[in-house]
Amino acid sequence: MNLRYKVFKIDGRALIGGFPDLARFGIDQEGHLASSYFDLGISNRKQDFGIHFEGQLQINETDEYQFHLSANSKMRFWIDGDFLAEAANGNVVPVSRVLSSGLHQLKVEYVNGEGMRDLRVWWSGPGFKNRSLVGTNRQMGWREDIDGHAITGLKRTGLFQSVQIPDNFVMELVLASSSQPQFTLGFGNSEFEAESEEALKIETWGSDVVFAQGSKVESLQGIEEGDLDVSLHLLHDAASQTIQVLDMNGTPLRRIEGMKISGNDSGVFIRNQGEDLIVKRLSLYRLRQPAPPNSADKERVPRVQLLGGGFQLGTLHLRTDKAHMIDPQGKQSVIDLNTLGHIFPLNAQSTQSAINVVVRYQNGEKIRGQLSSFSSNSVQVQTGFSLKPITCHLLGAARLEFQGSPSMSDPSGTSRDRLNTSFGRLRGQLTFGLEGASFGWRPDGAAQPLRMDVRESVRIQRNSIGADLGVVYGTIQFPSKLFLQSGEVLPCKITGYTSEWIGLKSPYLEKRRINSSYLKAIEFVTPALSLDEEKSEKATFSLLDKVFESVSSQFHLSKEEKLNRILANLAQQDRFPSHLAITMNGDLLRGALVRITETKTTISSKSRDIQFPNDRLHGVVDIRPHSVIPKNPSIEKSMMSHDEICLWLIDGSAVIVSNVDSTKEFISGVSKRYGAVTIPVKSLLAMHFGSVMPNTMNHNYQEWKVPWRE
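Under this note's numbering, residues 344 to 1053 are what the sequence shown spells out, in order.
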């Protein structure tokens, strides 16, 4: 929200009567908050203070939005200059307003005399409920190090700086960390816009640094293990919508087309995504004379780039105390070394056929340039600081890295699956139906796939953007989801339940009954959503949304905190229930699941059986501690078998199978819990095989259990 604040020292007597005019009091503190929460913690005063917040609220969709306000003392609330409400003495005041998409001005004033300070503002809109606008601004975690660099040790903290960005500019960036740097740098009018899909961003994807804007992604460079900084030099030309990427030696790395910063009244936002981050350099200045298209490719004379923008052709001659240029016509001119940006010697000119490489040595040294030649014991690299190629011996070298190849510059390409092992990560394509192996792997550049011989834990993430992935069944035919104690999730239609078995029909299973001791939860009506693996692991508690969507007295608690309170209260009972049933209107019923038919569910509660039509139930969850759930010795192991494979599917399902085989269209296997399994290749999102711990697979309902009492 690009939030600004002012803290006022007030006289406690001013709180008698109406809301005091804060402008009458002296300003004690003021500043700007990038993280944009209404945060009373920024005040150095515990009492007798007032605080004024003013910023912007990003609205993505035109609709009616609801706000709920509360304060221990007094607070006032404005939107777009219109006063909407005042709240006091802990009472919750609701406010509704139709807001159009875009930025809206938001203002809050709060005063506190004595006692515990408390301010709460929640808002709801299309797709979300009770989202708090009050919190801790993590920008407070940024500080200056001894050299004046901005540094933070807090993950997800951000810094925003408003600046008018010219159409053509040069940016030099150096970000460092005590481990591998992880960050997002975006351009926009606010932190929200700078992190939006439409914004131009430089960010880390694991060990890759990429440009991202909308659906377009371009790889810039890799971050090797042991690299503690990322250095980039960018030339942005808005007219041609091109960005030239050079290293800090001036060597051209990439030329990217079709990406640009929209709008001039903008800013730069940096968010730390790792353990810590140091902004060692962020220099942005106008490029007064944009380089002509492909100048780095077509210009066949030496030249220098000036810090103020533009190029000067000729050969640079250096002496102890001065320097001069001799242009192609032989004219000599004196050069101020303080104005030089980068030097482009004749032999360092980039050509479209040149291959950019990095030679990395075991001692951490690296040499970057264009590959001239190589042999079995050395490579010749044309750098930006030598007229002639330099010879790099391979003795002591750790790696020769080729950059900018077409196959590696498009992370969203159809052949860009990811294979992760303890030895590193590979890009390529997972293949099926390979003779002599269940699965194959075709690395980038390989003509044929390789048979996979798994001897360690391997995880493969399929590319959900480029690959032909999709849900292959109808949700009307299979409306429910079955969640097992093992972490597995199955789409199905529930046909029955007793204390011994669960009856079901599933698009992936042949078996129609499984042991009821495997049951953790049932969602009776669940839409099949296209979820990637990360979203599945972090998905919201859908049943909790139903339970708490109308609760107003505990808005300040997260859904998880509310759940823990319910379960803790149940644990205090002499005989706590084994199951929780959630109705479609959000009511909770505590009891024991007795049976399920195709139309009704029976819950035993307080010594009587209660029947519900299945279409009135949202779900049922087993909340017993693991120690009291009957075990099936045939499948209880501290570790899964070596030949078992975890499969995550595009619809949010997850299965564990062994004896796996595949064809071009299907993956088949056997489960210890539910027998033969057949998975369409089109539905596979990710897989993990090799020895893995049982908690490799997790779903949200595994946290639903009453605390065990000794």
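Even for Gly, the Cβ is constructed at its ideal location relative to N, Cα and C.
Since the structure is predicted, the reported quantities are computational estimates derived from the model, not experimental observations.
Host beta strand (DSSP E) of residue i (start-end)
i    : result
G783 : 782-786
K623 : 620-629
R419 : 417-422
I925 : 922-926
V701 : 699-704
R711 : 709-717
F955 : 951-956
G565 : 559-565
V815 : Counting along the chain, V815 falls outside any beta strand (DSSP E), and DSSP gives it neither H nor E.
F554 : 551-556
Residue burial classification, residue i (beta-carbon count within 10 angstroms, cutoff 16)
i     : result
R614  : buried
D958  : exposed
K824  : buried
F841  : Checking the sequence shown, residue 841 turns out to be Thr, not Phe. Per the 10 Å Cβ criterion, exposed.
F1032 : buried
M459  : exposed
I359  : exposed
D425  : exposed
F728  : exposed
V573  : buried
K731  : exposed
G610  : buried
T547  : buried
N1043 : buried
S829  : buried
V464  : buried
R474  : exposed
E568  : exposed
Q954  : exposed
V832  : buried
R742  : exposed
I857  : buried
P792  : buried
P956  : exposed
E876  : Reliability fails at E876, whose pLDDT of 38 lies under 50, so the model's placement of it is uncertain and the value that follows must be treated cautiously. Buried: at least 16 other Cβ atoms inside 10 Å.
L346  : buried
L847  : buried
I925  : buried
R951  : exposed
R759  : buried
D455  : Rather than Asp, the amino acid found at residue 455 in this sequence is Asn. Under this definition N455 is a buried residue.
R486  : exposed
D796  : exposed
For residue i: DSSP bridge partner residues
i     : result
S467  : Q409
K352  : F392
H492  : H492 pairs with nothing; no bridge assigned.
R938  : T945
K674  : Answer is none; K674 lacks a bridge partner.
R486  : I494
D580  : N511, T585
R805  : Partner(s): none; R805 has no beta bridge.
S574  : V517
G839  : G846
P968  : For P968, which the question treats as bridged, DSSP gives no partner whatsoever.
M459  : According to DSSP, which records beta bridges pairwise, M459 is partnered with nothing at all.
S1005 : I1010
R770  : R761
F381  : V477
G374  : Y348
F426  : W421
K824  : P834, E866
- Message: Pairs of beta-carbons, one from the stretch 668-678 and one from the stretch 708-721, closer than 8 Å: are there three or more?
- Response: In short, these stretches do not touch, since the Cβ pair count stays below three.
- Cβ contact check for the stretch 499-508 and the stretch 564-574: 3 or more pairs under 8 Å: no
- Query: Taking one C-beta from the stretch 770-790 and one from the stretch 1002-1017 each time, how about it: are there three or more such pairs within less than 8 Å?
  - Reply: Proximity of the stretch 770-790 to the stretch 1002-1017 meets the contact definition, three or more beta-carbon pairs being nearer than 8 Å.
- Hey, which unbroken runs of the alpha helix (DSSP H) at 4 residues or more fall wholly within the stretch 495-527? none
- Should the stretch 991-1006 be called in touch with the stretch 1016-1031, which here means at least 3 C-beta pairs below 8 Å? yes
- Message: If we require 4 or more residues per run, which alpha helix (DSSP H) segments fall completely within the stretch 1011-1047?
- Response: none
- Three or more beta-carbon pairs under 8 Å between the stretch 431-438 and the stretch 515-524, yes or no? No, the stretch 431-438 does not touch the stretch 515-524.
- Taking contact to mean at least 3 C-beta pairs separated by less than 8 Å, is the stretch 393-404 in contact with the stretch 445-464? yes
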